[in-house]
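Asker:
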Amino acid sequence: MNWDYPHAHTLPVTPEPGDIDGLQHTNNAVYVRWCEHIAWHHSATLGLDLDDYRRLDRAMAIRRGEYDYLLPTRAGEALTLATWLCASDGRSSMERRFQLVRDSDGATVVRGRWDLICIELSSGRARRLPPEFLAAYEPAIVAAGA
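Note that our numbering numbers the sequence shown so that position 115 is 356, with each residue one more than the last.
(1) CA-CA distance, Arg430 and Asn243?
(2) Helix, strand or coil for Val342, going by three-state DSSP, please let me know.
(3) Using the Cα positions of Gly353 and Ala280, report the straight-line distance between them to the nearest angstrom.
(4) Taking 6 Å as the limit between beta carbons, can you name the residues of its chain near Tyr272, skipping five residues before and five after?
(5) Sorted by chain position, which residues of the same chain lie with C-beta nearer than 6 Å to Glu307's C-beta, five sequence neighbours on each side aside?
(6) Along the chain, where does the alpha helix (DSSP H) containing Trp244 start, and where does it finish?
(7) Taking the C-alpha atoms as reference points, what is the distance between Gly211 and Pro256?
(8) How would you call Ser284, buried or exposed, if buried means at least 16 neighbouring beta carbons within 10 angstroms?
(9) Whose CA, out of Ala323, Ser329 and Thr314, lies closest to the CA of Ser345?
(10) For Gln265, which residues in the same chain have their Cβ closer than 6 Å to its Cβ, ignoring the five residues on either side in sequence?
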């Protein structure tokens with residue numbers, strides 16, 4: 242695959258009939274759901290899952306999400322979704338990016354970007370990244386210009 246960045250964390254996805262909207266292509270909300278799924282999968286692979294977030298009373302919350310829907314996809318098409326952590330200020334924010342590729346021709350069909358902020362779960366307020374987040378996430382960051 243021709244990934245936007247090195248060291249892609251990937252998952253295969255395939256639109257099901259229920260994912261298809263009235264225009265006969267994958268509904269945009271499905272792509273957003275897939276991005277959330279792969280983000281959690283990537284985080285768990287790096288050593289932080291939902292139980293860890295609860296234990297630490299911290300989470301990475303989406304402050305802003307942007308998606309570029311480049312090409313339609315249809316039920317049954319084999320796709321591969323990739324994600325990367327691309328930036329961190331080392332204090333409270335990070336950036337995650339996504340790329341969805343159609344397996345049959347390697348075409349990028351969706352790109353996405355999240356600005357994330359570390360929050361305290363119990364209050365919802367912005368907080369510093371705990372040492373556990375820095376230890377798990379910082380080594381996985383790839384340069385957005387790479």
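For every residue, glycine included, the Cβ atom is placed at its ideal position computed from N, Cα and C.
Answerer: This is what the structure holds:
(1) The shown model of the chain, from 242 to 387, leaves out residue 430, and the question about it has no answer.
(2) The count along the sequence shown starts at 1 and reaches residue 342 at position 101. Residue state, collapsed to three classes: strand.
(3) Along the sequence shown, one-based indexing puts residue 353 at 112. Along the sequence shown, one-based indexing puts residue 280 at 39. Those two C-alpha atoms are separated by around 12 Å.
(4) Walking along the sequence shown from the start, residue 272 turns up at place 31. Excluding five sequence positions before and after Tyr272, the CB atoms of its chain that fall closer than 6 Å to its own CB belong to Val351, given in chain order.
(5) In the sequence shown, residue 307 corresponds to position 66, counting from 1. Around Glu307: Arg354.
(6) Position 3 of the sequence shown, counted from the first residue, corresponds to residue 244. Element bounds for Trp244: n/a, residue is neither H nor E.
(7) As shown, the chain starts at 242 and ends at 387. That puts residue 211 outside it, with no answer to give.
(8) The residue you call residue 284 lines up with position 43 of the sequence shown. Flag for Ser284 reads buried.
(9) As a first step, residue 345 must be located in the sequence shown, where it is residue number 104. With distances taken between Cα atoms, Ser345 lies closest to Thr314.
(10) Working through the sequence shown from its first residue, we reach residue 265 at position 24. The answer is none, since no qualifying residue turns up.
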